[in-house]
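S.K.: Chains as they are written, first to last, in our numbering: chain A, 32 to 440; chain B, 32 to 440; chain C, 32 to 440; chain D, 32 to 440. All C-beta atoms, glycine included, are put in the ideal place defined by N, C-alpha and C.
4 protein chains.
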Amino acid sequence: MSAYEVIARQIEAKGLNIDKIKDALKAQHIETPSWAYANSGTRFGTFTWPGAASNIYEKIADAAMVHKVTGLAPSIAIHIPWDKVEDYTEIKAYAEDLGISIGAVNPNLFQEQEYRLGSLAHPDADIREQALEHIFDCIEVMKETGSKDLSLWFADGTNYAGQDDFRKRKRYFFEAFEKIYQALPDDKRMLIEYKFFEPSFYHTDLPDWGMAYSFASKLGPKAEVLVDMGHHAQGVNIEHIVSFLLDEGKLGGFHFNNRKYADDDLIVATVNPFELFSVYHELVKAEQSEDEVLQRHAKNIAYMLDQNHNIEGKIGAVIQSVINCQTAYAKALCVDQKTLEQHQQEGNVLAAHQTLMDAYETDLRPILARVRKELGRDPDPIKALKESGYEEKIANERGTADASGGGFA
Amino acid sequence: MSAYEVIARQIEAKGLNIDKIKDALKAQHIETPSWAYANSGTRFGTFTWPGAASNIYEKIADAAMVHKVTGLAPSIAIHIPWDKVEDYTEIKAYAEDLGISIGAVNPNLFQEQEYRLGSLAHPDADIREQALEHIFDCIEVMKETGSKDLSLWFADGTNYAGQDDFRKRKRYFFEAFEKIYQALPDDKRMLIEYKFFEPSFYHTDLPDWGMAYSFASKLGPKAEVLVDMGHHAQGVNIEHIVSFLLDEGKLGGFHFNNRKYADDDLIVATVNPFELFSVYHELVKAEQSEDEVLQRHAKNIAYMLDQNHNIEGKIGAVIQSVINCQTAYAKALCVDQKTLEQHQQEGNVLAAHQTLMDAYETDLRPILARVRKELGRDPDPIKALKESGYEEKIANERGTADASGGGFA
Amino acid sequence: MSAYEVIARQIEAKGLNIDKIKDALKAQHIETPSWAYANSGTRFGTFTWPGAASNIYEKIADAAMVHKVTGLAPSIAIHIPWDKVEDYTEIKAYAEDLGISIGAVNPNLFQEQEYRLGSLAHPDADIREQALEHIFDCIEVMKETGSKDLSLWFADGTNYAGQDDFRKRKRYFFEAFEKIYQALPDDKRMLIEYKFFEPSFYHTDLPDWGMAYSFASKLGPKAEVLVDMGHHAQGVNIEHIVSFLLDEGKLGGFHFNNRKYADDDLIVATVNPFELFSVYHELVKAEQSEDEVLQRHAKNIAYMLDQNHNIEGKIGAVIQSVINCQTAYAKALCVDQKTLEQHQQEGNVLAAHQTLMDAYETDLRPILARVRKELGRDPDPIKALKESGYEEKIANERGTADASGGGFA
Amino acid sequence: MSAYEVIARQIEAKGLNIDKIKDALKAQHIETPSWAYANSGTRFGTFTWPGAASNIYEKIADAAMVHKVTGLAPSIAIHIPWDKVEDYTEIKAYAEDLGISIGAVNPNLFQEQEYRLGSLAHPDADIREQALEHIFDCIEVMKETGSKDLSLWFADGTNYAGQDDFRKRKRYFFEAFEKIYQALPDDKRMLIEYKFFEPSFYHTDLPDWGMAYSFASKLGPKAEVLVDMGHHAQGVNIEHIVSFLLDEGKLGGFHFNNRKYADDDLIVATVNPFELFSVYHELVKAEQSEDEVLQRHAKNIAYMLDQNHNIEGKIGAVIQSVINCQTAYAKALCVDQKTLEQHQQEGNVLAAHQTLMDAYETDLRPILARVRKELGRDPDPIKALKESGYEEKIANERGTADASGGGFA
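1) Please identify, using Cβ separations under 8 Å, the residues of the segment 265-297 of chain B that lie next to chain C, in order along the chain.
2) Quick check on residue 291/D: does DSSP put it in helix, strand or coil?
3) Chain B beta carbons: is any one of them nearer than 7 Å to that of residue 387/A?
4) Checking contacts by CB at 7 Å: is residue 392/A closer than that to chain G?
5) I want to know whether the segment 181-189 of chain A touches the segment 135-146 of chain A - three or more CB-CB distances under 8 Å.
6) Counting only the same chain and skipping the five closest in sequence on each side, list residues whose C-beta sits under 6 Å from that of residue 400/B.
7) Residue 342/C by DSSP, collapsed to three states: which one?
8) With residue 310/D and residue 273/D assumed to form a contact (beta carbons below 8 Å), what rounded beta-carbon distance in angstroms separates them?
9) If you reduce the DSSP assignment to three classes, tell me which class residue 138/D lands in.
10) Please say whether residue 383/B and residue 312/B have beta carbons closer to each other than 7 Å?
11) Looking at the C-beta of residue 161/B, does it have a partner C-beta in chain C at a distance below 7 Å?
12) For residue 188/D, which option in 398/C, 423/C, 380/C has the closest C-alpha, if you only look at C-alpha atoms?
13) Compare the beta carbon distance of residue 200/A and residue 247/A with 7 Å and say whether it is the shorter of the two.
14) Which parts of the segment 247-279 of chain C are runs of the beta strand (DSSP E), unbroken and 3 residues or longer, counting only runs that do not cross its ends?
15) Looking at the structure shown, is residue 334/C part of a helix, part of a strand, or coil, going by DSSP?
16) Just to confirm the assignment, what range does the alpha helix (DSSP H) spanning residue 224/D have?
17) May I ask you to verify whether the segment 120-133 of chain A touches the segment 164-177 of chain A, counting CB pairs closer than 8 Å and requiring at least 3?
18) Hey, which unbroken runs of the beta strand (DSSP E) at 3 residues or more fall wholly within the segment 170-241 of chain C?
19) Mind pulling the chain B residues with CB within less than 7 Å of residue 384/D?
20) On the DSSP bridge assignment, give the partners of residue 285/D in chain order.
21) I'd like to know if the segment 242-261 of chain B and the segment 282-296 of chain A are in contact, where contact means that at least 3 CB-CB pairs between them fall below 8 Å.
22) Smallest Cα separation from residue 132/A: which of 155/A, 88/A, 113/A?
23) Output the boundary residues of the alpha helix (DSSP H) element that contains residue 426/A.
24) Restricting to Cα atoms, I'd like to know which of 100/A, 305/A, 390/A, 267/A is closest to residue 404/A.
25) Counting Cβ pairs, one atom from each stretch, are 3 or more of them under 8 Å apart for the segment 262-278 of chain B and the segment 154-172 of chain B?
26) Can you pull the chain B neighbours of residue 73/C, defined as C-beta to C-beta under 8 Å?
27) Using the Cβ count rule (16 or more neighbours within 10 Å means buried), how would you classify residue 128/C?
28) If distances are taken between C-alpha atoms only, which option among 225/D, 237/D, 67/D comes closest to residue 337/D?
29) Buried or exposed for residue 230/A, please, with buried defined as at least 16 other CB atoms from any protein chain shown within 10 angstroms of its CB.
30) In angstroms, rounded to a whole number, what distance separates the CA positions of residue 407/A and residue 192/D?
31) Just checking: is the beta-carbon of residue 304/B within a distance shorter than 7 Å of some beta-carbon in chain A?
32) Quick check on the DSSP output: what are the complete alpha helix (DSSP H) runs of length 4 or more inside the segment 36-117 of chain B, in order along the chain?
33) What's the gap between the Cα of residue 46/D and the Cα of residue 36/B?
34) At 7 Å on the CB atoms, spell out the chain C contacts of residue 192/B, in chain order.
35) Nearest to residue 63/D by CA position, among 370/D, 335/D, 154/D, is which residue?
36) Which chain C residues sit within Cβ distance under 9 Å of residue 239/D?
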């Protein structure tokens, strides 16, 4: 018996259908972010990597390479103005030629000097207007690229008690959100991201899911919440938030990454793989729910990476990230939900926990290899990248940036 | 010039009216909790204090003593069944005789063996029903005692991943909340408290203000959120949450206390006095707002202590707590709001911060002493307690409990 | 090919020897704590479990049952006075009859009323002396029971700024430690535990590994540091501390458990299984080090559980804990150290990380089942417990305590 | 009676001597860092400020201005190579001309591309050597500038589990430290700084005071620990660490700043002024100790700021920081130590705490104004800066940088 068969039997012995699991895995999509392919750093500096992408065409090419070897990364999120071009239909076409599409559009509302004290919540009306105009421009980009999701993250906040008025800023945000909502075509969404801290340190205007949810609820169905794994205080149970937002029909998407303490933007599931599994467990339960509204909602979530590869190669890191999401989803699909529910109903704490852990403990790599093969991919995407010579090729062609600078090059 | 005059002039030099400030201070009310007068401890044990109250009559007497020396603690929150009596009109009368009233009623949904896996979110419908019945009983207690606020805190949660289903538990909570809301007379409120962790460790069903707010929003105007200062993750900006809830008309009340790391239930403002000031700054701004809805809402907040005095005398500690709230409020009343707003509008970060800090730095003890005097109280409540002989009297009459308790059998 | 063979081949393909791995696993010892078999709770109350042990004889019997089904829990830690008896040679003999031995002795320096303000650091010299005498008594218990480790945890600390003098308390501690060190026979150790917070909230006298290490270093080779997994601030990298203490020759032992936020004392590896693996990875590297001093030190560590099973059955939970330690150790033994080191030396960040993760991802349950069989145990200890009827038997014989307890009187 | 007299009497009524307090305040020194006068930012970008210093001469001029208006900032810390010049005796002379001196020298071991995987702990021996050479160069700078303190902060760490070997890196650090120690003249110190996280996210090689202390202890008396207020996990009691290091004779210096969550490098005492007071309380107790070794040690501490003024003017922010340190020290000097000690000895928790708080509550601004006057300074340094026209002058002369970039410009 092969490793595949050993595991497949083990799964089927729990009453699960291995083919359905593989079908679900084949339908999984993880969107990769354009900025993950570029050099990035911390406030202390940026280490440059040979061949790191420096324009949107290179980023698209890299993203296409990730999709080529994994089979589950068919779109790329873009960041404006980092990925600004004259004609967005051109990059749409370029992406399509390479087998992927343009995903979420991310306005940048933090790097201009004008945004020192905020963007949509800036005390000065002119700057609030400038920020809003930039978002309207991004909606145009969405139309041109076919993007469905406007991904809104704000660095707005303050560094000192008394610096500004929380309530006034809240009202500025809501006013602007209403205008954005109006401007957004009906087939598109605005995803409101929250972040606990950084780059504002005393307060962030949208610090937690609750504020994002409050705004999204008042705005209407086109507004949903975006969960970034690194944007929570220590000790927060993220899977619980995910479950709550799912049940409210307000979970729009994810920014996957991992952190040890702050918003480290490390490769997802490298610090705490069990957390990602726990999040996927909630997603799978919703996907398989008998509540059709919930099920439909669960199937409409944007799964996106948001990572910086500060000290490691970019493309291999993104591939590993995609694999880690695949692994977590696969394990969640292998939970024996019926037995779990039964133990929960009986209040059998240990047995319920053990039922969940049984799936987590299972080594599904042979299943994933098979899925890849059936998708026409190499069973080992990391090896496939290495053997493709792609990394050497771009290192040669693109060279290494010599900029250092802190933060984003 | 006396110390009072020096400070009064300083304040008036900022364009503020010292009489209005004193009027506001005279109207301040801090509700003290019956359980603060009893022995309390940690899971490692309980240290018993001479004269600690062991029944509701003693607790009322102690609370009345606190009001007698501070002038701003005219009500006592009760906890059922800890404060259970046959006839609640009797304790209402007893309190009134001593010059105070019965404040919030707190159902206890954690100490019965049945609540091992939860109360309103327990997997077993019978236990959910039992918990609901207890809350209905507490609504009856409210009617008999004249209490306005039903203060709802739940220990519900799980200790292990997979132990129970988040979504199911959420729905159980909402079902129950709807019934409680229906049962609540129109002139009363239900205050939904949230808590980050403990005694459930893996997840708490109501872990943050966002979930409490979501429920309260759907229920209607009689449901509001209760903020306990110790129930947040580290690094959370509590004054921002306070401001947000105020603006949403959903801030029902406070449980004041302080903590260094977890839910330590220490004397308010002893670990971080600036945090309490920052919270009061938001409250004062709302009280003084030109937005009448907001102003009315701000004036209808229940300010309550929720503390355990594990190693110190109870009554002195409660008096100190009340004084600390008075100090924070007084300082917040001394903020030069006009100048602050002007600096904020100009984006003058440092000047805005300095304007706020000017009020915090001011030593208002002479003002508070004068307020007490004008309220017919001793200018020094701590000294007044000591000189009253009350502590010795109750120590003699009530003795010292020999119970220890703690989490270990 | 069986699941065992599939995995064994996979491991051997990395150049590892499956027999050596099994030998290491057969030599693994996890000490279980007497208090894990008794009822325990939080400050909010204690839920009692049918058949929970209420005396040291019952606890020993339960520990023996855990050893019987796991094969790797041959000793039990005791807590004085919780496990106080007239004649300690009697419990030594009783344990030996059941196939286990008495492990670490844990003095209790927190539950007496005298310890309200501390034990060895109490401001009153008489109480410091009382605490010291209790520790001397415990050293006598060690002699009578054959225990090798004196496990020292102190609840000492303060709740309020200014309550006591840090420096004075530090000096009291060192004076006492010197006396304990002198009293300790040469073949025994004192393990100094540290704890970040609780039950003291403002400061703990021994809050972190650094202070425990400083004391242990000055005392000499019989004094070492004890690491409890739940006694750190959020975000602390525990495996790094473990590695540092190992290299210093100062890692005496572990208290294994897990937590989400504070010192939750949950079943080890249930909140974050990867953390336990990471800790074992450091231990394995030290055990296999060419540095003989380090290697010897690594092989002399006391591995102990320290958990409270507040809402779940005790014995099953302890068995699961032991299995979780076994799993983590087994995975750490399967790390391809040579390849890892090579990637590290080359600075190949991703490849090094992937090499480590390869071992973590492997499902070693078939290997563990084989190890148990070869040790003469049932391959499935959880099932073995269930089928033994032991839990029903003790539930019938011992009944269910009706005490509740908790921090509130 | 003037405000000064009111407060002076209040202080003297506690048995304290106002002249001694003023003498201590006049002897206080706070060193300001050259980088605080330059533009700085986060990884998301840098907002440039008109007149921000861009070379060491401008930084010295700004630091001299701060000293001119505060009277207690007579030295400036420098950062190499940010402040690199051909001839260091020249900047020494330039500083002296302006009435200040060169303080600590800070090697930069994080911005070169070579340091991607570390400096003294890099896996490659050549890069370790390069880092060491840079430190030796800095020791030469110390000799030329008359600097006493080598201030060592390392960004070394890893981002991923398995990336490198903790133990190996520890040994590399110790080897290098020994060489640095040898190279250091006898009248100079090396201050070993620790940092909890960032820019390395999975582990930092020197994450806490314990590791810095362990190295410093082994090295000898010229090696001491540097405490940066922002380099701790949440919930850590910093004043306790300060007290411990003082008692060990190993507290070399401070990097003052403040943070809400991570290493925010905000103006000291703006997020939590009570924390800074609590730290100074420990320092004052040591300064006034009857233990002469301790007293001498306490008087030899380097008090330095380490802040980034990302969104506010630089010089005003540094002045405010210096004032905040002065305020905290002044309040600590006003603690009635005798009464405090007496209450501590009696175990009177509340009274001891109230005694400490009495000093914190006191508004000492009139005392500080008097001290400044007696030092020949303007009683209001912020106003003095504004009226000096210095800020406008440098804005005109130096202009505004247009660089944005993340991190340090």
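M.R.: Quick look at the numbers:
1) 265, 290, 291, 292, 293, 295, 297
2) To locate residue 291/D, count along the fourth sequence from 1; it is residue 260. Coil at residue 291/D, not helix or strand.
3) Taking the first residue of the first sequence as 1, we reach residue 387/A at position 356. Output row for residue 387/A: interface = yes.
4) Looking at the structure shown, chain G is missing, and the protein chains on hand are A, B, C and D.
5) yes
6) In the second sequence, counting from the first residue as 1, residue 400/B sits at position 369. These residues qualify, in order along the chain: 410.
7) Position 311 of the third sequence, counting from 1, holds the residue named residue 342/C. The answer is coil: DSSP assigns residue 342/C none of H, G, I, E or B.
8) The sequence position of residue 310/D within the fourth sequence is 279, counting from 1. The sequence position of residue 273/D within the fourth sequence is 242, counting from 1. With 8 Å as the limit, residue 310/D and residue 273/D qualify as a contact, their Cβ atoms being about 5 Å apart.
9) Residue 138/D sits at position 107 when you count from the first residue of the fourth sequence. Assignment of residue 138/D by DSSP, reduced to helix, strand and coil, places it in the strand class.
10) If you number the second sequence from 1, residue 312/B lands on position 281. If you number the second sequence from 1, residue 383/B lands on position 352. The answer is no: Cβ separation not under 7 Å.
11) Numbered from its first residue, the second sequence carries residue 161/B at position 130. No, no contact with chain C.
12) The residue labelled residue 188/D in the question sits at position 157 within the fourth sequence. When only C-alpha atoms are compared, the closest one is 380/C.
13) Residue mapping note: residue 200/A aligns to position 169 of the first sequence, counting from 1. Residue mapping note: residue 247/A aligns to position 216 of the first sequence, counting from 1. No, the pair does not count as a contact, with Cβ atoms beyond the cut-off.
14) 254-259
15) The residue given as residue 334/C occupies position 303 in the third sequence. In this structure, residue 334/C counts as strand in the three-state DSSP scheme.
16) For this step, residue 224/D is matched to residue 193 along the fourth sequence. Counting along the chain, residue 224/D falls outside any alpha helix (DSSP H), though it belongs to the beta strand (DSSP E) covering 220-224.
17) Counting Cβ pairs under 8 Å, three or more are found: they touch.
18) 180-183, 220-224
19) What you label residue 384/D is simply residue 353 of the fourth sequence in a count that begins at 1. The answer, in chain order, is 301.
20) As a position in the fourth sequence, residue 285/D is number 254, starting the count at 1. Beta-bridge pairing links residue 285/D to 258/D, 334/D.
21) no
22) In the first sequence, the residue the question calls residue 132/A occupies position 101. Ranking the options by Cα distance to residue 132/A, first place goes to 88/A.
23) Counting from one through the first sequence, the residue named residue 426/A turns up at place 395. Per DSSP, residue 426/A belongs to the alpha helix (DSSP H) from 421-429.
24) On the first sequence, position 373 is the one that residue 404/A refers to. When only C-alpha atoms are compared, the closest one is 100/A.
25) no
26) Indexing the third sequence from 1 puts residue 73/C at position 42. Those within 8 Å of residue 73/C in chain B are 74, 229, 230, 438.
27) On the third sequence, position 97 is the one that residue 128/C refers to. Flag for residue 128/C reads exposed.
28) Here residue 337/D corresponds to residue number 306 of the fourth sequence, with the count starting at 1. Checked all of 225/D, 237/D, 67/D; the closest Cα to residue 337/D is 67/D.
29) Here the question's residue 230/A lines up with position 199 in the first sequence. Buried, by the Cβ-count rule.
30) Against the first sequence, residue 407/A aligns to sequence position 376. Against the fourth sequence, residue 192/D aligns to sequence position 161. Between residue 407/A and residue 192/D, the C-alpha separation is close to 32 Å.
31) As a working mapping, residue 304/B is identified with position 273 in the second sequence. Residue contact with chain A for residue 304/B: absent (no Cβ-Cβ distance below 7 Å to any residue of chain A).
32) 49-58, 87-101
33) Position 15 of the fourth sequence, counted from the first residue, corresponds to residue 46/D. Position 5 of the second sequence, counted from the first residue, corresponds to residue 36/B. Going from the Cα of residue 46/D to the Cα of residue 36/B covers about 24 Å.
34) Taking the first residue of the second sequence as position 1, residue 192/B is located at position 161. What residue 192/B touches in chain C: 301.
35) Here residue 63/D refers to the residue found at position 32 of the fourth sequence. The shortest Cα separation from residue 63/D among 370/D, 335/D, 154/D belongs to 335/D.
36) As a position in the fourth sequence, residue 239/D is number 208, starting the count at 1. The contacting residues are 239, 240, 241, 267, 272.
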